[in-house]
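Report on the following structure.
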Amino acid sequence: MSDNRAENLFFEADQLIDENRIIEAKEMLIDLLAEFPDYGRAHNHLGWLYNLKFNNYPKAKKHLELAIKFAPDYHAAYSNYSYLLIDMNLNDEMITFGNKVRQISTADKSTIFNKMAQAYELKGEFMNAHKHYKLAIKETLNNKTLDSIYASISRVKKKMSLIQRLKLINQ
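Using this note's numbering, read the sequence shown as starting at 839 and increasing by one per residue.
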């Protein structure tokens, strides 16, 4: 089988997802991976489906990890894995992952920093959350994302103690 065949099957599965034909897309991705087990982008899409459409976190995690392994230049895998770690409440793992991949050029740094901030926030580490939300701001070009991050900063400040908020003034 050729790489062309894998790309064609992947494109067809992607189109099925766009058409909200989720079951067919999942089956096509499973068939694609049976022939091409190291096709990272297919692992990404399957991981995304298992997370958002089927709520099967173990399968989603497995496929997204394989996506990163087999397609390290495919930016979506890093973002999708970050979302999954937060969905799974694996906050420490998200922070470790973020620190590991923040230097990878294809990883969306705004998403990585934003998800690290969320992990810190969920752990009650509001100063670290604030710091990482600020880093996410520097990395985004999307106004909608920017608005969301500013809302997150506002929320975190409300959770901080008075002393923590005063420390922000001196930063």
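Every residue, glycine too, gets a C-beta built ideally from N, C-alpha and C. Keep in mind that this is a model prediction, so the values were computed, not measured.
N- and C-terminal bounds of the alpha helix (DSSP H) containing residue i
| i | result |
| --- | --- |
| leucine 867 | 860-873 |
| asparagine 889 | 878-890 |
| aspartate 911 | From DSSP, aspartate 911 is part of no alpha helix (DSSP H); its letter is neither H nor E. |
| alanine 955 | 947-960 |
| asparagine 927 | Per DSSP, asparagine 927 belongs to no alpha helix (DSSP H) and is neither H nor E. |
| asparagine 846 | 841-856 |
Reduced DSSP category for residue i - H, G, I as helix; E, B as strand; rest coil
| i | result |
| --- | --- |
| threonine 978 | coil |
| glutamate 903 | helix |
| leucine 984 | helix |
| serine 943 | coil |
| glutamate 963 | coil |
| glutamine 1009 | coil |
| methionine 932 | helix |
| serine 999 | coil |
| asparagine 893 | coil |
Same chain, Cβ closer than 7 angstroms to residue i, neighbours up to 5 away in sequence not counted
| i | result |
| --- | --- |
| leucine 1006 | His968 |
Within 7 angstroms, strictly: CB atoms of residue i and residue j
| i | j | result |
| --- | --- | --- |
| serine 986 | isoleucine 950 | no |
| leucine 871 | alanine 880 | yes |
| asparagine 918 | leucine 902 | yes |
| isoleucine 933 | glutamine 956 | no |
| methionine 965 | glutamine 1009 | no |
| glutamate 963 | valine 994 | no |
| asparagine 937 | lysine 961 | no |
Cβ neighbours of residue i in the same chain (closer than 6 angstroms, five flanking residues each side left out)
| i | result |
| --- | --- |
| phenylalanine 874 | Ala844 |
| tyrosine 796 | Outside the displayed span of the chain (839 to 1009) sits residue 796, for which this structure offers no information. |
| methionine 998 | Phe964 |
| aspartate 876 | Phe908 |
| lysine 953 | Ser920, Ile924, Met932 |
| lysine 897 | Tyr888 |
| aspartate 911 | Thr944 |
is_contact[residue i, chain B] using C-beta, thresh 7 angstroms
| i | result |
| --- | --- |
| aspartate 841 | Considering every chain present, this structure includes no chain B. It has just one protein chain. |
Beta-carbon contacts of residue i that lie in its chain and below 8 angstroms, excluding the five residues immediately before and after
| i | result |
| --- | --- |
| methionine 839 | With a pLDDT of only 43 at methionine 839, under the threshold of 50, the placement of this residue in the model should not be trusted, and no figure is reported. |
| histidine 913 | Thr944, Ala945, Asp946 |
| histidine 883 | Phe848, Ala851, Asp852, Ile855, Ala863, Leu867 |
Proximity test, residue i beta-carbon vs the ligand MG heavy atom, cut-off 6 angstroms
| i | result |
| --- | --- |
| glutamine 956 | Among the ligands in the structure shown, none appear at all, so the ligand MG cannot be discussed. |
Item checked: Cβ contact check for the segment 939-946 and the segment 980-997: 3 or more pairs under 8 angstroms -> no
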